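*Asks:*
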Amino acid sequence: MLLDVTGNFQVRQAILTHTCTVDERRNFHKLATTQVIGEILQSRLVGIKKGLTPAGIRKILLDEFNVNVSYWKAWRARELAMEHAMGTMAGSYSLIPAYLGLLQASNEGTLCFMEQNDDPEGGGTRFKYCFVAYGASVAGYASMRKVVVVDGTSMKGKYGECLLSAAAQDGNFQIFSLAFAVVDSENDNAWEWFFQKLSTFVTDCPQLVFISDRHASIYSGMRKVYKEAYHAACVVHLWRNIQVLYKTPRLGNLMSAAARAFTITEFNRMFIQIQRINPACAA
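Residue numbers for the sequence shown follow UniProt numbering, beginning at 1 and rising by one.
Here is the structure:
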């Protein structure tokens, strides 16, 4: 109990009988703090791509040091060890401007763009968007077919970022990476910014075709930046959507066959079957 503003406490009641068994009390080692464990593990994380799991850390401590720690303590120690060995996420983002400068200096023709926001907490700036197109990709696009695939995926980071990418197909039918960007999320502003930077070397023209999933923000950004290019939905994504929405495996296969038909007659034959099975899907 707190006695007064001086911060002194008085213990008025105490249960002196232990309610835990001896085995339970000695199960976990209090002196094995997260800081100590983090120092021990620091050298083991250098050069490791995947890193150690909390369960793996518990096994190492038990096998090598005969120390048993909780899963939560192992997880916190892993975070500390990774920060000591590889740096923090915030520290890594602060190095991006310098990295982009070195990237352009060592790779002729490389395009790099970065946008920052005012930091309301620290008074400085913080990362918002980053775009990179290597010089080899910029030069190689001239030899590619005018078909560009764009997509976005979530990144496993502390700040919930998204990775946007654009790719073409070379003469050997292999993926040719054009550009990528790290943004806050897949929203209208992010995709519009990505397309604006991409248009610096993938210029708008009627012969250009973009392929993507049916994400609304991609369509919104395309309409604002690429007004002459044609935009088509990816057949694979359409097939997945039909499988989820209509629960009929044959519908997805018919749609895929119709999309790959080389004649109008063949397309109509597939489309009529889709109408018979599910008119809503055909509509």
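Each residue gets a CB set at the ideal place from its N, CA and C atoms; glycine is no exception. These figures come from a predicted structure and were not determined experimentally.
If contact is defined by three or more beta carbon pairs under 8 Å, each pair taking one atom from either stretch, is the region 127–138 in contact with the region 108–119?
*Replies:* Yes, they touch.
*Asks:* Helix, strand or coil, according to DSSP, for THR263 in the structure here?
*Replies:* Indexing the sequence shown from 1 puts residue 263 at position 263. Three-state DSSP puts THR263 in coil, outside helix and strand.
*Asks:* How many Å lie between ALA74 and PHE65 at the Cα?
*Replies:* Residue numbering aside, residue 74 sits at position 74 when the sequence shown is read from its first letter. Residue numbering aside, residue 65 sits at position 65 when the sequence shown is read from its first letter. Roughly 14 Å between the two C-alpha positions.
*Asks:* Taking Cβ positions, are ALA179 and SER212 nearer each other than 9 Å?
*Replies:* Against the sequence shown, residue 179 aligns to sequence position 179. Against the sequence shown, residue 212 aligns to sequence position 212. Taking 9 Å as the Cβ cut-off, ALA179 and SER212 do not qualify as a contacting pair.
*Asks:* Considering only residues of the UniProt domain "MULE transposase" (147–241), which uninterrupted alpha helix (DSSP H) runs meet the minimum length of 4 residues and lie entirely inside it, listed in chain order?
*Replies:* Qualifying alpha helix (DSSP H) stretches, in chain order: 188–198 and 216–225.
*Asks:* How is ASP119 classed by DSSP in three states: helix, strand or coil?
*Replies:* On the sequence shown, position 119 is the one that residue 119 refers to. Coil.
*Asks:* Assuming CYS162 contacts GLU186 under a Cβ cut-off of 8 Å, what Cβ separation, rounded to an integer in Å, is found between them?
*Replies:* The count along the sequence shown starts at 1 and reaches residue 162 at position 162. The count along the sequence shown starts at 1 and reaches residue 186 at position 186. 5 Å between Cβ atoms; contact.
*Asks:* Specify, as a first and last residue, the run of the alpha helix (DSSP H) that ALA280 falls within.
*Replies:* Residue numbering aside, residue 280 sits at position 280 when the sequence shown is read from its first letter. It spans 279–282 - the alpha helix (DSSP H) in which ALA280 sits, taken as one unbroken run.
*Asks:* Going by beta-carbon coordinates alone, are ASP184 and PHE176 separated by less than 9 Å?
*Replies:* Working through the sequence shown from its first residue, we reach residue 184 at position 184. Working through the sequence shown from its first residue, we reach residue 176 at position 176. The beta carbons of ASP184 and PHE176 sit no closer together than 9 Å.
*Asks:* Okay, do the region 202–220 and the region 244–252 touch, 3+ Cβ pairs below 8 Å being the bar?
*Replies:* no
*Asks:* Using 10 angstroms around the beta-carbon of MET155, count the other beta-carbons present and answer buried if the total reaches 16, otherwise exposed.
*Replies:* Counting from one through the sequence shown, the residue named residue 155 turns up at place 155. MET155 is exposed by the Cβ-count criterion.
*Asks:* Is the CB-CB distance between HIS231 and PHE210 below 9 Å?
*Replies:* Stepping through the sequence shown from its first residue, residue 231 is reached at position 231. Stepping through the sequence shown from its first residue, residue 210 is reached at position 210. A contact, by the Cβ cut-off of 9 Å.
*Asks:* Do three or more CB pairs link the region 189–204 to the region 138–155 at distances below 8 Å?
*Replies:* yes
*Asks:* Please give the ranges of any beta strand (DSSP E) in the region 83–146, keeping only runs that are unbroken, at least 3 residues long and fully inside the region.
*Replies:* Taking only runs of at least 3 residues, the beta strand (DSSP E) segments lying wholly in the region 83–146 are 111–118 and 125–133.
*Asks:* Apply the 10 Å Cβ neighbour rule to VAL69 and answer buried if 16 or more other Cβ atoms are within range, or exposed otherwise.
*Replies:* Here residue 69 refers to the residue found at position 69 when the sequence shown is read from its first residue. VAL69 comes out buried.
*Asks:* Measure the alpha-carbon distance for ILE37 versus TRP72 and round it to whole angstroms.
*Replies:* Within the sequence shown, residue 37 is the residue found at index 37, counting from 1. Within the sequence shown, residue 72 is the residue found at index 72, counting from 1. Distance between the alpha carbons of ILE37 and TRP72 is about 12 Å.
*Asks:* Just the C-alpha distance for GLU228 and CYS205, rounded to the nearest angstrom, thanks.
*Replies:* For the purposes of this step, residue 228 is taken as residue 228 along the sequence shown, with counting starting at 1. For the purposes of this step, residue 205 is taken as residue 205 along the sequence shown, with counting starting at 1. Their Cα atoms are separated by approximately 5 Å.
*Asks:* Answer with buried or exposed for LEU198, where buried requires no fewer than 16 other C-beta atoms within 10 angstroms of its C-beta.
*Replies:* The residue given as residue 198 occupies position 198 in the sequence shown. Buried: at least 16 other Cβ atoms inside 10 Å.
*Asks:* I'd like the span of the alpha helix (DSSP H) that includes ARG12, first residue to last.
*Replies:* The count along the sequence shown starts at 1 and reaches residue 12 at position 12. Counting along the chain, ARG12 sits inside no alpha helix (DSSP H), nor does DSSP assign it H or E at all.
*Asks:* Could you check how far apart the C-beta atoms of ALA167 and TYR141 are, in whole angstroms? I think they sit under 8 Å.
*Replies:* Here residue 167 refers to the residue found at position 167 when the sequence shown is read from its first residue. Here residue 141 refers to the residue found at position 141 when the sequence shown is read from its first residue. Their Cβ separation, rounded to whole angstroms, is 10 Å, which puts ALA167 and TYR141 out of contact at 8 Å.
*Asks:* For TYR159 versus MET89, is the C-beta spacing smaller than 9 Å?
*Replies:* The sequence position of residue 159 within the sequence shown is 159, counting from 1. The sequence position of residue 89 within the sequence shown is 89, counting from 1. In this structure, MET89 lies closer than 9 Å to TYR159 by Cβ.
*Asks:* Residue range of the alpha helix (DSSP H) that LYS59 falls in?
*Replies:* Working through the sequence shown from its first residue, we reach residue 59 at position 59. Note, LYS59: alpha helix (DSSP H), 54–65.
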